[in-house]
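Working notes, structure below.
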Amino acid sequence: MGENGRDGDPAAWRIEVSPRCISAGLCLAIAPDHVEFAGVRARPTGAPLDEEGLATVRAAADRCPVAAITVEPGLAPA
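Using this note's numbering, the letters of the sequence shown correspond one by one to residues 8 to 85.
Now the structure itself:
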């Protein structure tokens with residue numbers, strides 16, 4: 008079990024997009040329910056993550072050409 012004690016709970020994951028984002032748009036194509044553009048870079052939508060959503064966001068992070076998306080254990084910022 009992880010430090011937050013909720014490894015199996017997708018709601019216990021946090022999505023972050025770093026300033027490295029170059030607006031390639033792959034994340035929007037892969038995970039449109041969870042990532043959106045705000046100005047010139049992507050940001051998390053704040054939509055709740057279920058198991059499928061977590062897998063989709065991880066796929067988007069894996070395909071980001073500049074590795075700007077991270078998915079880490081921890082509660083989403085309020």
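Glycine included, C-beta positions come from ideal geometry on N, C-alpha and C.
Beta-bridge pairing of residue i - partner residues as DSSP gives them
| i | result |
| --- | --- |
| E43 | R50 |
| I5 | Nothing can be reported for residue 5: it is not among the residues displayed for the chain, which extend from 8 to 85. |
Proximity of residue i and residue j at Cβ, strictly below 9 Å
| i | j | result |
| --- | --- | --- |
| E43 | L56 | no |
| A75 | S25 | yes |
| T77 | I37 | no |
Opening and closing residue of the alpha helix (DSSP H) in which residue i lies
| i | result |
| --- | --- |
| V64 | 58 to 70 |
| I37 | 33 to 37 |
Chain C contact for residue i (CB, 9 Å cutoff)
| i | result |
| --- | --- |
| A67 | The chain inventory of the structure shown lacks chain C, comprising one protein chain alone. |
Residue from the options whose Cα sits closest to the Cα of residue i
| i | options | result |
| --- | --- | --- |
| P72 | G32, A19, I22, W20 | G32 |
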